[in-house]
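The structure appears right after this line, and notes come after that.
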Amino acid sequence: MMTLTKQNKQLLLLALPTVLALTAFFVVPMAYILVDTLKADGTKYFQKFFTDAMYRGILKTTVLVSLQVTAISLLLGYPTAYFMARTRSRMKNILLIVIIFPFLVSAVVRSYGWMVILGGRGLLNQLLMATGLIQQPLTILNTSTAVIIGLVHLLIPYMILSITGVIQNIDPNVERAAYSLNANPLQTFFRVTLPLSAPGIISGCILVFTMSMTSYVTPKLLGGSKFRMMSTMVFQEVNINFNWGFASAISYILLFTILIILLFATYATAGANQRVGGGKRV
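Numbering follows the numbering used here, in which position 174 of the sequence shown is assigned residue number 195; successive positions increment by one, without gaps.
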């Protein structure tokens, strides 16, 4: 039987107010809405969702877009995070300001900025046509590509900051030890640095993926009326169709999809932490 240490008990006490607040203001209301929906309409709306190919397609689109946003954010964010964690130059502070600055601007403003850039007569098309690379404007706005670009710009800071904190805690002597054992830079990265930074990667991926799945403003503005994700569908059912029961069912399908992925990611994070720590934590 597992016994709690004094330190673990203290940590649990510190977390207790947050747990109680989340239970009171999130878990209980969500459970009430679910029970109320099932009492009124049973599983009718859940069946409606899963038996309609259009709705299943929207769920698939939401997951695929979120996976692409997560992958691109990781590929672009990891090198930046590694540089910030290892450099001692002033460039680190400049990069930190550049990364944090977007948090001061709302998602609406940033999305409108991308509309100006990606539109048919936007800055990107004007630049490409001026250089002779294209003859006709590219159709980027109101597509999944525009949504992915906007979400990556919106969420990549979370990926960078998550990974930077972990890499900063990796002792550089570990990498030097790998070099002393005749490992080349590529071997050192894949066998030492990357495995040790796995907790930061997983945390960043969880943040970016869940926020992509639930994002509304960016898909609505950059995707247009024809591009639909789960969040925009919930808004439509509540504010246009006034079908609160179906909106509730869609919300829970989205929530359960995210929870399944979070459970898998949590399991992977526990494994990564155990490998980094060299064993179980007491």
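Beta carbons are placed, not taken as given, at the ideal position from N, Cα and C, and that holds for glycine.
Bear in mind that the values here come from a model prediction, so they are computed numbers and not experimental data.
Between Y103 and the rest of its own chain, which residues show a CB-CB distance below 7 Å, the 5 nearest in sequence each way excluded? I188
Backbone CA spacing between D57 and V168 [nearest angstrom]: If you draw a straight line from the Cα of D57 to the Cα of V168, it comes to about 34 Å.
Answer with buried or exposed for K241, where buried requires no fewer than 16 other C-beta atoms within 10 angstroms of its C-beta. buried
Quick check for students: name the residue ranges of the alpha helix (DSSP H) that lie wholly in the segment 23-110, counting only runs of 4 or more. 27-43, 49-62, 65-72, 74-107
Is the beta carbon of M250 less than 7 Å from the beta carbon of T83? Yes, the Cβ-Cβ distance between M250 and T83 is below 7 Å.
Can you give the Cα-Cα distance for L283 and L228, rounded to whole angstroms? 10 Å
Touching by the beta-carbon criterion (3+ pairs, under 8 Å), the segment 64-73 and the segment 254-273: yes
Beta-carbon contacts of V259 that lie in its chain and below 8 Å, excluding the five residues immediately before and after: W265, A268
Does the Cβ of V49 have 16 or more other Cβ atoms within 10 Å, making it buried, or fewer, making it exposed? exposed
Own chain residues within Cβ distance below 6 Å of T235, not counting five before or after: S252
Could you give the distance in angstroms between the alpha-carbon of L95 and the alpha-carbon of L217? 16 Å
In the structure shown, what three-state DSSP assignment does L242 receive? Shown here, L242 sits in a helix according to DSSP, grouped into three states.
Exposed or buried, which one is Y179 when buried takes at least 16 other CB atoms within 10 Å? buried
Rounded to the nearest angstrom, what separates T26 and L32 at their Cα positions? 10 Å
In the segment 151-238, which residue ranges form an unbroken beta strand (DSSP E) of at least 3 residues, counting only runs that do not cross its ends? Not a single unbroken stretch of the beta strand (DSSP E) spanning 3 or more residues falls wholly within the segment 151-238.
In angstroms, rounded to a whole number, what distance separates the CA positions of L34 and K113? The straight-line gap from Cα to Cα measures roughly 37 Å.
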